[in-house]
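To start, the structure under review is shown below, and the notes come after it.
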């Protein structure tokens with residue numbers, strides 16, 4: 020019998036990816052893709068390192084997961100991300116047909132939710148998982164950025 024993990028368990032792992040971004044001077048967003056309780060893709064923001072505005076955590080995790088399974092569709096997969104996806108990432112999630120998106124902190128300025136339903140109609144959405152912890156990492160990053 021396979022062990023079942025909670026959304027909070029996987030969000031902690033996404034937060035660890037966000038911490039990697041923080042430590043590298045990137046906006047601290049982390050993401051993982053899970054299938055059958057196994058991580059098949061992970062990523063964190065790499066926009067500064069790669070000089071690429073599309074190198075968001077979700078994009079890194081989607082690409083890694085698709086490479087892992089050898090297919091472009093992430094049906095029966097869940098994306099865990101520390102911040103509500105932006106419109107670009109929501110579009111990628113739509114095209115990947117990911118089954119579920121779980122995010123921590125809401126992004127009232129740039130989150131996809133501001134623009135209506137952009138994910139695949141069958142994608143389940145869970146918001147606010149470990150929102151305080153996810154928000155704290157982002158707030159600390161921008162606080163340090165303002166002090167330099």
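In this note's numbering, the protein residues as written are 20 to 167. For every residue, glycine included, the Cβ atom is placed at its ideal position computed from N, Cα and C.
Exercise. For residue 73, does the three-state DSSP call read helix, strand or coil?
Worked result: Counting from 1 along the chain shown, the entry for residue 73 is found at position 54. Reduced to three states, the DSSP call for residue 73 is coil.
Problem set entry | beta strand (DSSP E) segments (min. 3 residues) lying fully within the stretch 28-70 | 49-54, 57-63
Problem set entry | the ligand ZN heavy atom lying under 7 Å from the CB of residue 107 | Among the ligands in the structure shown, none appear at all, so the ligand ZN cannot be discussed.
For this session: Per DSSP, which residues does residue 146 bridge with? Please list them.
Result: Walking along the chain shown from the start, residue 146 turns up at place 127. For residue 146, which the question treats as bridged, DSSP gives the partners 122.
Exercise. Where residue 144 and residue 114 are concerned, what is the direct C-alpha to C-alpha distance, given to the nearest angstrom?
Worked result: The residue you call residue 144 lines up with position 125 of the chain shown. The residue you call residue 114 lines up with position 95 of the chain shown. Rounded to whole angstroms, residue 144 to residue 114 spans 16 Å at the Cα level.
For this session: Closer than 6 Å by C-beta to residue 24: which residues in its own chain qualify, once you throw out the five before and the five after it? Chain order, please.
Result: As a first step, residue 24 is located in the chain shown; it is residue number 5 there, counting from the start. Answer for residue 24: 56, listed in chain order.
Exercise. By DSSP, does residue 20 sit in helix, in strand, or in coil?
Worked result: Sequence index remark: in the chain shown, residue 20 carries index 1 (1-based). With a pLDDT of only 40 at residue 20, under the threshold of 50, the placement of this residue in the model should not be trusted, and no figure is reported.
Exercise. Between the stretch 152-167 and the stretch 128-136, are three or more C-beta pairs nearer than 8 Å?
Worked result: no
Problem set entry | Which listed residue (60, 58, 40) has its alpha carbon closest to that of residue 69 | Counting from 1 along the chain shown, the entry for residue 69 is found at position 50. For the residues 60, 58, 40, the minimum Cα distance to residue 69 belongs to 40.
Problem set entry | residue 167 - DSSP class collapsed to helix/strand/coil | As a first step, residue 167 must be located in the chain shown, where it is residue number 148. Residue 167 falls in the coil class under three-state DSSP.
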